[in-house]
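Chains as they are written, first to last, in this note's numbering: chain H, 1 to 232; chain S, 233 to 464.
Note that beta-carbon positions come from the ideal geometry of N, C-alpha and C, so glycine has one too.
Okay, structure first, notes after.
2 protein chains.
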Amino acid sequence: MSAIDRSLVACLPIFAECSSEQIDDILREARPARFEKNANVFEQGEKAAHFYLLLHGRIRACKLTPAGEEVVIRFIAPGEMFGVAMAIGRDAYPATATAVVDSLVLAWPNSAWPSLLARNPALAVNTMRTLGARLEESQTRVIEMSTEAVERRVAHAILRLVNQAGRKTDDGVLIDFPISRQDIARMTGTTLHTVSRILSAWQTLGLISSGRQKIVVREPHKLYLLAESSEK
Amino acid sequence: MSAIDRSLVACLPIFAECSSEQIDDILREARPARFEKNANVFEQGEKAAHFYLLLHGRIRACKLTPAGEEVVIRFIAPGEMFGVAMAIGRDAYPATATAVVDSLVLAWPNSAWPSLLARNPALAVNTMRTLGARLEESQTRVIEMSTEAVERRVAHAILRLVNQAGRKTDDGVLIDFPISRQDIARMTGTTLHTVSRILSAWQTLGLISSGRQKIVVREPHKLYLLAESSEK
DNA sequence: CGGCGGCTTGAGACCACTCAACAGTGGTGG
DNA sequence: CCACCACTGTTGAGTGGTCTCAAGCCGCCG
């Protein structure tokens, strides 16, 4: 079991600098779990009992505002850790994690964290890097929302999705999981109506082609120019 | 020298769980430095050579967008670490750090980081908590900018400043460092004109009193209600 | 085949931005 | 010590991008 797992995860950045023995050691305490599409791995506010590594599938991390609106924090790709409340000193999950397609995860009990950390110093370094990368992405979003109009924000969000989940096809780059106008609206701080209008306009221009929960970017470079150009 | 320093920093959360010997050990590699008001401790994009702890004063962390606009990431209070590019695996500073009042910092060479970490496991844990707290604050800002109108965002920003830098006075709670309308605009993604109008309105209502680079919150509770109330 | 969830599109209203002019404040140098 | 200037803040008018409200379409699944 753990031999199979190791081959799946050994090359992940989170285990960089770890020896095979250390990785086996870490994996020994993990249990695999499957979650169906639309199932929650955990919910915001729930007491954190485990932390996770996504092996296969796609997870959406979502926060609920006091007013009841939902904001998409990020989409989690295979190979990423998530639900690491323990690492940042919290005892409840700060967001809700939902499988957007059938997903396979590894789950560690929180109690395993301190000893894993003590035995594997590289894990701490890698976790700090991961947190740093997420912090930068979050700050990038703050900056975009501070300075950019809606169309540019949507363009940046879609380009980010292309980087994280793009799959080349004959027509262009497909975002390789179901994503709705509403999802994009909740990532960019706008409404599904405005997103729909923008995507329709782009479709007319030939930049993308899209359908029900599906987006194919036909002209990534032109979309990039639209996202970065300072005029207009 | 290091004995003096230790008494200043021993109670900081970043050194929680560290023994006196460990703290002395950490401080031995640090050098104090002073920065005058408006001086930059470091600039965005500059190669990171040191990481810092603010002992006294106030630092503003600011990011410049490709289009040349500035966004205020945060204000750093005494006792906080900053410029920890090394910890998150970057070799350049991601933002510019400017002293908003005359400030005193401790500076460590980046080369000290790995050995400090190796010798003080608690430092890694505390750094992860710090990063986690910043990540949450950044995400909170994303959520506010996604879902709230400008007036509420300004209210939240000012309440945050009250928590971080509030000083009780006869008139109310003073934000204890010079802060302009422009600063608030760059924290909330709006313009100094709009901030000025909002603060003028609040002044008329008696919620605050303000002047040149000065804000006193007279009615924190009413401001809180304004920030949270779902109607309007 | 019916219903539901996702998507599209139009019309109107309004918040916040832009542009513009001016007033207070504090620091500086003659 | 006063005059000047740079910086900060105030306020008005007009505009436009985005939201809200509303209606209807499409495609999938039960």
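- Here DSSP, grouped into helix, strand and coil, assigns residue 60(H) to strand.
- In the structure shown, the three-state DSSP call for residue 352(S) is coil.
- For residue 204(H), the enclosing alpha helix (DSSP H) stretches over residues 192-205.
- Counting the other CB atoms within 10 Å of its CB gives residue 294(S) a total of 16 or more, which places it among the buried residues.
- Beta bridge pairing from DSSP links residue 49(H) with no other residue.
- Out of 219(H), 189(H), 213(H), the CA that lies nearest to the CA of residue 203(H) is found in 219(H).
- DSSP places residue 335(S) in the strand class (E or B) of the three-state scheme.
- Chain H has no Cβ within less than 7 Å of the Cβ of residue 318(S).
- The C-beta of residue 132(H) has 16 or more other C-beta atoms within 10 Å across all chains shown, which makes the residue buried.
- Taking C-beta atoms as the reference points, residue 389(S) and residue 419(S) count as a pair closer than 7 Å.
- Listed along chain S is no residue with a C-beta nearer than 8 Å to that of residue 168(H); the closest approach is about 27 Å.
- The criterion of a C-beta distance shorter than 7 Å is not satisfied by residue 113(H) and residue 29(H).
- Three or more Cβ pairs closer than 8 Å define a contact, and the segment 441-455 of chain S meets that threshold against the segment 405-419 of chain S.
- Contact annotation: in the segment 343-363 of chain S, residues whose CB is within less than 8 Å of a CB in chain H are 349, 350, 353, 356, 357, 359, 360, 361, 363.
- Close CB contacts of residue 227(H) within its chain, under the 8 Å cut and outside five residues either way in sequence, are with 152, 155, 156, 159 (chain order).
- With respect to residue 127(H), residue 87(H) sits close: the two C-beta atoms are nearer than 7 Å.
- Among the CB atoms of chain H, none fall inside 7 Å of the CB of residue 396(S).
- Residue 310(S) holds the alpha-carbon nearest to the alpha-carbon of residue 332(S) among 310(S), 437(S), 321(S).
- Taking all protein chains shown into account, residue 328(S) has 16 or more neighbouring C-beta atoms within 10 Å of its C-beta and is therefore buried.
- With a beta-carbon spacing of about 6 Å, residue 110(H) and residue 50(H) fall inside the 8 Å limit used to define contacts.
- Where residue 266(S) is concerned, the enclosing beta strand (DSSP E) starts and stops at 263-267.
- Under a criterion of Cβ atoms nearer than 8 Å, the residues of chain S adjacent to residue 135(H) are, in order, 320, 363, 366, 367, 370.
- Inter-residue distance for residue 438(S) and residue 67(H) is about 27 Å (C-alpha atoms, whole angstroms).
- From the beta-carbon of residue 71(H), the residues of chain S found nearer than 8 Å are 374, 375, 378, 379.
- For residue 81(H), DSSP records a beta bridge to 53(H).
- Against chain S, the CB of residue 45(H) has no partner CB under 7 Å away; the residue lies outside that interface.
- For the segment 113-194 of chain H, the continuous beta strand (DSSP E) assignments of 3+ residues that do not extend past its boundaries occur at 166-168, 173-175, in sequence order.
- By the Cβ-count criterion, residue 225(H) is exposed, with fewer than 16 other Cβ atoms from all chains shown falling within 10 Å of its own Cβ.
- Residue 421(S) belongs to the set of residues whose beta carbon lies under 7 Å from a beta carbon in chain H.
- Taking 7 Å as the cut-off, the Cβ atoms of residue 134(H) and residue 367(S) count as close.
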